[in-house]
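To start, the structure under review is shown below, and the notes come after it.
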Amino acid sequence: MDRKRNCTLCGGAVMMLLLGHMTTALEVPLDPKVLEGLPQPPTITHQSPKDYIIDPRENIIIHCEAKGKPHPSFSWTRNSTHFDVEKDSKVIMKPNSGTLVIDISDEKAEAYEGIYQCIARNEHGSAVSNNIVIRQSRSPLWSKEKNEPITVQRGMSLVLQCRPPAGLPPPIIFWMDNNFQRLPQSSRVSQALNGDLYFSNVLMDDTRNDYICYARFPHTQTIQQKQPITVNVLDNSPSGERAPSFMHPPGTHSTATVLKGDTLELECIADGLPTPDISWSKVNGELPSGRFLFHSFQKTLKITEVTDTDGGDYRCLANNLLGSNHHIITVVVKAAPFWISAPQNLILAPKETGMLTCRVDGNPRPKVTWSVNGVAIENSPKDPSRKIEDDVIILSDVQTGSSAVYQCNASNEYGYLLANAFVSVLAEPPRVLTPPNHVYSVITNSRALLDCASFGSPLPKITWFKDSQSILDGGSYIIHQNGTLEINVAQPLNSGKYTCMASNNLGNKENHVYLEVKEPTRILKQPEYKVVQRNGVAVFECKVKHDPTLLPTMIWLKDNGELPDDVRFELGSDSLTIHDVREDDKGTYTCIRNTTLDHDSASATLTVVEATPTPPIGLEQPDPPTDLELTDQREHSVQLTWTPGDEHNSPIKSFLIQYEDSLHERGIWANMTEVSGTSTTARLELSPYVYYSFRVLALNEVGLSEPSVPSRQYRTNPAQPDMNPSNVKAVGTSPDSMTITWKELTGLESNGPGLQYKVSWRQKDVDQDWNSLTLANVSQYVVTGTDTFVPYEVTVQAINDYGLGPRPEVVLGYSGEDSPTVAPENVQVSVQNGTVAEVHWDTVPLSTVRGRLKGYKVSYWKLRSLHKQDSEPEKPRVLIFSGNETEGHLSGLHPYSQYSLNIRAFNGKGDGPSSSDQHFLTPEGVPGPPAEFKVRNMDLDSLIVEWAPPLEDNGHLTGYLLKYQPINTTDELGPLKELFLLANETSITLDNLKYSTRYKFYLNAMTVKGSGPTVTEEAVTVMDEALIRHPAVKAGKAMTSKQVDIATQGWFIGLMCAIALLILVLLIVCFIKRNKGGKYPVKEKEDAHQDPEIQPMKEDDGTFGEYSDTEDHKPLKSSRTPSNGTAKKDDSDDSLVDYGEGGDGQFNEDGSFIGQYSGKKEKDTAEGNESSEAPSPVNAMNSFV
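If you count the sequence shown from 1, you need to add 30 to reach this note's numbering.
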């Protein structure tokens, strides 16, 4: 009896054989922990693309990886002959791999061009790779040519030919000027697909001598330049306006051939004046929706992912004011071979029968040939159990030891397909791969799936038991082909111990699992609609019932967001209280009760109103609607009608329609839609495969009514999924794996029974088929055996018993990263000064990063000081430079020290190896400030200056610079004296200083690099400890200490009192003497010759009108000079300069002043009132009278 089995991966390492009508299987699982010792023929897992263009500057790497049990060995053919790798010293084959690495550093790459094929073999068969065509990329130079200037009349059309050199791959063409600026293009001037520059008509502005065509070769990143073309536009015989005609393609009809799945580009360029407009249409059809684009100002029609329906005639129409013209392009769609059904690996038990199918299609129809273990099947040994019928091989009554690998090759003139499929003949007793004693927990009325993954050959038969009673397929139980037991609507009575038994003719194997059916989480008392006055209190209750074995959590939301962080919101075990309600507290409040298996939620609205003295009277919630009826029943919609209940003095604002899905979530009512309060009908859009019941609630100002009586049940028919899982991601978790995750569809979204997920993946930019796997009840899958950090394209498609979901979106992801393998090289250190160094390094090759390069880490540390012994070694410091930076600065270094550094690259996985340690020396720098600087007084005229060496020498000390200067009572600094002291001195005695004088001292340590920071100190030459100033040290700047207040000293106060008493006695004597004397001769003559400007002495202010003694107007010795440091002349002082040498002033015979005396004196008196000097003794005396 023939059997069909399907070997499906489960959980990354788990495989199952499925029994059916035909035998199709995937591969034998190779997890040594589960199926140790299981043989398998070779399988090619990774290979280079069919058309492999190499860079001649890099080594050639031809990939070939395979797996099998035992691990396969590898060999190669080149141009259909054996390629002896060991005889070519330039070629290395990687260990345990078939990948070739060809060193072409001293060899021309052309020597290794050809067609390569890899063979992987073990004792069970041989698998072969595609024919890998190795070709060197080429970027040839432009052929030398001399471009003659082109002369054209204004208004004529023009074509500037590019004719780039043929490169591999073809170059990208663009036009620029001498300034490397792209030439502007428009509907009049545009570049054709072949690179030529077309002018529909030329203008005088088109005259220029720098039309330059450039060809960029993308593989080698080189650019070739054509000689500049000169265009001269004349205006002596301009062309007149004309209707459009086609420059390219010529004539009225042309043909274009395109391969299915490729991109079609059709081009029409017309001349004419005015410039024609181009439009496109398909004859007897429409342009394919969503797959066509226009480029180059409508001159190019681009159709992506060509299908057979895109063949036919396309019309391009050129039109201007003088007429129109059209061109027909006939598109012929051909197709390289493509799979309809690729051969799959077969696992057969002895005596069984299986079939390999290789169904392909193409245009022209591909030719199918078969090989076995890499040898054409017609040349292989005859096998009576094998029968070939075109694209099918039938294997009958297979025997142990007849395992082999079959190759199917389908080819036509546009390409070929090659597939390996092994036939493994095994005799294996059953093994259950599902973990034993696994506990499944589900909620009542939900679906339960109990796994029984198994393996064996022949295919094991799965039997289920509950409490030793056999379970039959049917009723509430469904046994799937993969052995999974499904309980569609689980109830508490379904809880218990389940046993699955896998059996074949070689034995039996049991496995026990347990099912726990939990009570659903339900909100018994939902929060109610609230209308609360401002400053009032709002309380929402949310009482919940849940399974006692599950731990629930309560979450409250406001308007679907978090609650405000406010002490007014008080959370209880089953309530939310809002104190002192404000206007901004209004909104919708939702309570969510979560458990590990399910959740329930309910919402209510809070309305805040102004406080009113009298609340509304007679307002109540409305009565529930009645008489629910379903009419106009369709496949995916139904009409619901109802009769409103009593409004209770508050108009109904809206009706809320809820539904229950008794198939997937019995007892759970969910909001479906809301209609206005004036409606009594609603058209409801429905999903497939749902058992609907409906109810209606009315809402007025007070709140929601009680729910109506549910409608009768309405069941929708199943259908294929209309959506795919969301949030699909592919993330690398380890260097050789990638985890694909997605968000599962809900029961409502499944649209039918048997929901599964088709997970597909393939390496990006590698010519290989999709790997696909169908899974159920999971949200992730781990792909193992991937290369490190390579891009993968991933899709996840929903499937149920009624078909496939929509075409899934392709998501890009990467396999896992691994740490970089090499350290940065060419590390160089350039010391800038004693504290800063600059480090340079070369970037690591991207192929060695094995992930996303995040940057480089520079570790550096001080080894030792070159001047003194360090107390303890310094810990390394690490600087991080992001991205591709290759240089950086190391700051904060200690001068005159030895340092070491190394550099390592890092990615998301971690750090790579460190470079070898680089040692460098920092030069001497300026020293730090001297320590313990102090000054003490030894005698009345000497001071002792003492200090300690700097804590940081930063080099060899050459000495100290000591400066000092006196400071007078007005804080003015006196002359500065300098002393240079030897490096071994730490004190000095300064003699012959002024008595009772304050001095300021400055001290710097010095190296060959200069002076370090200054420390300062102040002291006075007296034996009073209170006069010694405390140091104020600041690097590079002397800070003045707090001044000594000399006025508080006893000797100074006594001296001032003696001087004041002496002055007072002198003033009294002068006053008495003056009152006894008469008029002097000078006074008599002045009375006889009175000057009108002379003013007599005033009684009120006590000033003298005639003259005053110059001595009386001298300032006291204690007075200070102005703050600007200049001695201002006292305007009230009489001097010989004022009176004797003033020009007109003269002495009379009796010694009296004549002439300008009186006028001068008046002027001086007036100015003297503004003086800031102290008053004269005479004025002071007058103030006593």
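Don't be surprised by glycine CBs; every beta carbon is placed ideally from N, CA and C.
For the pair tryptophan 205 and tyrosine 244, the Cα-to-Cα distance works out to about 6 Å. Taken through DSSP and simplified to helix, strand or coil, valine 1099 comes out as helix.
CA-CA distance, phenylalanine 495 to tyrosine 507, rounds to 11 Å.
Straight-line spacing of the CA atoms in asparagine 126 and glutamate 847 works out to 21 Å. Listed in chain order, the beta strand (DSSP E) runs fully inside the segment 352-377 are 353-371, counting runs of at least 3 residues. For the set Gly989, Glu335, Tyr886, Pro655, the Cα lying nearest the Cα of glycine 940 is the one of Tyr886. Here the alpha carbon of alanine 1013 sits roughly 28 Å from the alpha carbon of glycine 1004.
Separation of the CB atoms of proline 306 and asparagine 266 is rounded to 26 Å, and the pair is thereby denied contact status at 8 Å. In terms of Cα proximity to phenylalanine 911, the closest of Phe1082, His870, Gly733, Glu902 is His870. About 14 Å separates the beta carbons of serine 487 and leucine 463, which is beyond the 8 Å limit, so they are not a contact pair.
Membership of valine 812 in the beta strand (DSSP E) is indicated by the continuous run 810-814. Here DSSP, grouped into helix, strand and coil, assigns valine 561 to strand. Annotation: proline 248 to methionine 753 spans about 40 Å, alpha carbon to alpha carbon. Within the model, the alpha-carbon separation for arginine 321 versus glycine 315 is close to 15 Å. Under the three-state reduction of DSSP output, threonine 878 falls in the helix class.
Looking at Leu920, Arg193, Leu213, the one whose alpha-carbon comes closest to that of asparagine 224 is Arg193.
Contiguous beta strand (DSSP E) elements confined to the segment 840-925 occur at 841-844, 858-861, 867-870, 883-895, 907-912, 917-920, taking only those with 3 or more residues. Burial check for serine 401: the Cβ neighbour count within 10 Å reaches 16 or more, so the residue is buried.
The alpha-carbon separation between glycine 1084 and leucine 1091 amounts to approximately 11 Å. With respect to tyrosine 719, leucine 660 sits apart: the two C-beta atoms are not nearer than 8 Å. Annotation for leucine 289: Val336, Val363, Lys364, Ala365, Ala366, Tyr444 place their beta carbon closer than 8 Å to its own, counting only its chain and skipping 5 residues before and after. Look at the beta carbons and you see the segment 1018-1035 touching the segment 987-995: at least three pairs across the two are nearer than 8 Å.
By the criterion of a C-beta distance shorter than 7 Å, threonine 579 is surrounded in its chain by Lys548, once the five residues flanking it on both sides are discounted.
Beta-bridge pairing by DSSP links arginine 713 to Gln669. 8 Å or more divides the Cβ of isoleucine 553 from the Cβ of isoleucine 585.
Distances from the CA of alanine 935 to each of Ser849, Phe1010, Gln166, Lys683 were compared; the closest alpha carbon is that of Ser849. According to DSSP, arginine 725 shares a beta bridge with Gln688. Comparing C-alpha distances from serine 525 to each of Lys491, Ser471, Asp481 shows the shortest one belongs to Ser471.
The beta carbon of serine 790 lies closer than 6 Å to those of Trp800, Ser802, Thr825 in the same chain, with the five residues before and after it left out. As computed with DSSP, methionine 123 is found in a beta bridge with Leu130.
Using a Cβ distance threshold of 8 Å, glutamine 669 and arginine 725 do not count as a contacting pair. Asparagine 152 has Gly155 as its beta-bridge partners, per DSSP. A straight-line Cα-Cα distance of about 52 Å links valine 163 and methionine 531.
Contact between methionine 234 and arginine 165 is absent: CB atoms are separated by about 48 Å, not below the 8 Å threshold. Secondary structure within the segment 322-351: the beta strand (DSSP E) runs of 3 or more consecutive residues, fully enclosed, are 322-325, 330-333, 342-350 (chain order).
Arginine 612 is classed as exposed because its beta carbon has fewer than 16 other beta carbons within 10 Å across all chains shown.
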